[in-house]
Amino acid sequence: MKAESKLKPKSEPGKRKRAGAELTKQEEFIRKHKRHHHEIASWRTFLFVLFLVLWEVSASRKWIDSFFFSSPSRVLRCFADQIRNNSMLSHIGVTLLETLLSFLLVIALSLFVSTLLWHSKKLSEILEPYLVVLNSLPKSALAPLFIVWLGTGTRTIIVAGMSVAVFGSVISFYTGFQQVDSEKITLIYTLGGSRRDAFLKVVLPGSVPILLSTAKVNIGLALVGVIIGEFLAARRGLGYLIIYGSQVFQLDMVITSIIVLCVIALGFYKSVQAIEHQIRIRFKM
Numbered sequence: 017m018k019a020e021s022k023l024k025p026k027s028e029p030g031k032r033k034r035a036g037a038e039l040t041k042q043e044e045f046i047r048k049h050k051r052h053h054h055e056i057a058s059w060r061t062f063l064f065v066l067f068l069v070l071w072e073v074s075a076s077r078k079w080i081d082s083f084f085f086s087s088p089s090r091v092l093r094c095f096a097d098q099i100r101n102n103s104m105l106s107h108i109g110v111t112l113l114e115t116l117l118s119f120l121l122v123i124a125l126s127l128f129v130s131t132l133l134w135h136s137k138k139l140s141e142i143l144e145p146y147l148v149v150l151n152s153l154p155k156s157a158l159a160p161l162f163i164v165w166l167g168t169g170t171r172t173i174i175v176a177g178m179s180v181a182v183f184g185s186v187i188s189f190y191t192g193f194q195q196v197d198s199e200k201i202t203l204i205y206t207l208g209g210s211r212r213d214a215f216l217k218v219v220l221p222g223s224v225p226i227l228l229s230t231a232k233v234n235i236g237l238a239l240v241g242v243i244i245g246e247f248l249a250a251r252r253g254l255g256y257l258i259i260y261g262s263q264v265f266q267l268d269m270v271i272t273s274i275i276v277l278c279v280i281a282l283g284f285y286k287s288v289q290a291i292e293h294q295i296r297i298r299f300k301m
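Residue numbers (our numbering): 17 to 301.
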């Protein structure tokens, strides 16, 4: 007993030292991680500001023709004028709504079709070559057909936005379903579960990372499809502004619309990325 009592006090400080060392390493890792992200953000900001400065200086010193290439100051003036006229916000709202509707419909339709393909091996073998061909087809070639079939308007633009992303999304979702551990599915069947139980309890949860990564790609593709549709069949939206500005040689309007599109694309990507981060934290993925 005396020997044990002598050993206990010696072991407890050792444990505290090891715990303190582990905590110090963890804090150091967190500091390095934060420093790395700050460094990346600083370099991104520096490169962006450098690009704007070079662009403005090149236009002011006549190294480039500001009529064709515009400049940051001209873009800001054009954007402010459009905001005062309440036209820019209206066009942005239309493009945002059409993109979100296209994106949500792509996700819903892709989940439905890929689920059918997973449930029926024969159906997947029949449809797989058609999906590959349709995914490889240039979607801009389909836009004139959509106008003939559906007319001009929001419906045509939403369908054009869906056509760019839906076929690749179905292939990605179905591939993710196929890559789920088959032993877990066998375990569900062994315990008396049905195919529906295997899909809802194993396949779908196991495919969440692929679903989220595909969604980040789809939101950008939906925006591309919507702009293609607005080029051909719209009287509102940023795509219409780009076409109209190029036709009347208001290139400041064209470049301003393109920059707004870049900001929207970044905002969409960051939003989906934030949702993905919250889902990963909640489900500890």
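Using N, Cα and C, we set each Cβ at its ideal position, and we do this for glycine too.
Considering only residues of the same chain and omitting the five flanking positions on each side of residue i, which have a CB-CB separation below 6 Å?
{"i": "VAL175", "result": "PHE162"}
{"i": "GLN294", "result": "none"}
{"i": "LEU127", "result": "none"}
{"i": "ILE201", "result": "ALA214, VAL218"}
{"i": "SER74", "result": "ILE80"}
{"i": "LEU277", "result": "LEU254"}
{"i": "GLY261", "result": "MET269, VAL270"}
Ordered along the chain, which non-local residues of its own chain (more than five positions away) have a Cβ less than 7 Å from that of residue i?
{"i": "LEU230", "result": "In the sequence as presented, Leu is not what sits at residue 230; that position holds Thr. Once the five neighbours on either side are set aside, the close Cβ partners of THR230 are SER185, SER188, PHE189."}
{"i": "LEU132", "result": "LEU139"}
Compare the C-alpha of residue i against each of the options and name the closest.
{"i": "SER311", "options": "ILE295, ARG298, GLN266, TYR256", "result": "Past the edges of the chain, shown from 17 to 301, lies residue 311, and the structure says nothing about it."}
{"i": "ILE280", "options": "HIS107, ALA159, TRP134, TRP79", "result": "HIS107"}
{"i": "ILE271", "options": "CYS94, GLN42, ARG77", "result": "CYS94"}
{"i": "LEU228", "options": "LEU117, ALA57, ARG296", "result": "ARG296"}
{"i": "LEU158", "options": "GLY241, LYS138, ARG298", "result": "GLY241"}
{"i": "VAL182", "options": "SER198, SER118, LEU132", "result": "SER118"}
{"i": "PRO221", "options": "ILE244, ILE243, VAL196, ARG211", "result": "VAL196"}
{"i": "PRO154", "options": "VAL122, TYR260, LEU239, SER179", "result": "SER179"}
{"i": "ILE123", "options": "ALA290, LEU68, SER58, VAL224", "result": "VAL224"}
{"i": "THR168", "options": "LEU203, ILE244, LEU239", "result": "ILE244"}
{"i": "GLU114", "options": "LEU203, TYR260, ARG211, THR170", "result": "THR170"}
{"i": "TYR256", "options": "GLY109, SER58, LEU121", "result": "GLY109"}
Would you report the Cα separation of residue i and residue j, rounded to the nearest angstrom?
{"i": "TRP165", "j": "THR172", "result": "9 Å"}
{"i": "GLU141", "j": "SER152", "result": "18 Å"}
{"i": "SER6", "j": "GLY177", "result": "The chain is shown only over 17 to 301; residue 6 falls outside these bounds and no answer can be derived."}
{"i": "SER92", "j": "PHE193", "result": "Sequence check: residue 92 is Leu here, not Ser. Going by the C-alpha atoms only, they are around 47 Å apart."}
{"i": "LYS48", "j": "ILE226", "result": "29 Å"}
{"i": "GLN98", "j": "MET104", "result": "5 Å"}
{"i": "THR40", "j": "ARG298", "result": "27 Å"}
{"i": "TRP134", "j": "LEU216", "result": "12 Å"}
{"i": "GLU44", "j": "HIS54", "result": "15 Å"}
{"i": "THR111", "j": "ALA96", "result": "19 Å"}
{"i": "GLN263", "j": "HIS52", "result": "46 Å"}
{"i": "LEU116", "j": "LEU239", "result": "8 Å"}
{"i": "GLU292", "j": "LEU143", "result": "30 Å"}
Which same chain residues end up closer than 8 Å to residue i when comparing Cβ atoms and leaving out the 5 residues on each side of it in sequence?
{"i": "LEU150", "result": "PHE183"}
Restricting to runs no shorter than 4 residues, where is the alpha helix (DSSP H) found entirely within the segment 244-286?
Within the segment 244-286, the complete alpha helix (DSSP H) segments of 4 residues or longer fall at 254-263, listed in chain order.
Check whether the segment 201-210 touches the segment 88-96, taking contact to mean three or more Cβ pairs, one atom from each stretch, closer than 8 Å.
Result no; under three Cβ-Cβ pairs closer than 8 Å.
Is the segment 271-290 touching the segment 217-236 in the sense that three or more CB pairs, one from each, lie closer than 8 Å?
Because the criterion of three Cβ pairs below 8 Å is met, the segment 217-236 and the segment 271-290 touch.
Alpha helix (DSSP H) segments (min. 4 residues) lying fully within the segment 176-207:
Qualifying alpha helix (DSSP H) stretches, in chain order: 198-206.
Count Cβ pairs between the segment 247-266 and the segment 74-81 that sit closer than 8 Å; are there 3 or more?
No contact exists between the segment 247-266 and the segment 74-81.
Curious, which full-length beta strand (DSSP E) runs of at least 3 residues does the segment 47-102 contain?
Listed in chain order, the beta strand (DSSP E) runs fully inside the segment 47-102 amount to none, counting runs of at least 3 residues.
Complete runs of the beta strand (DSSP E) confined to the segment 131-173 [at least 3 residues]
Whole beta strand (DSSP E) segments, 3+ residues: zero.
Could you pull out every unbroken alpha helix (DSSP H) segment of at least 4 residues lying fully inside the segment 211-239, listed in chain order?
You should have 211-214.
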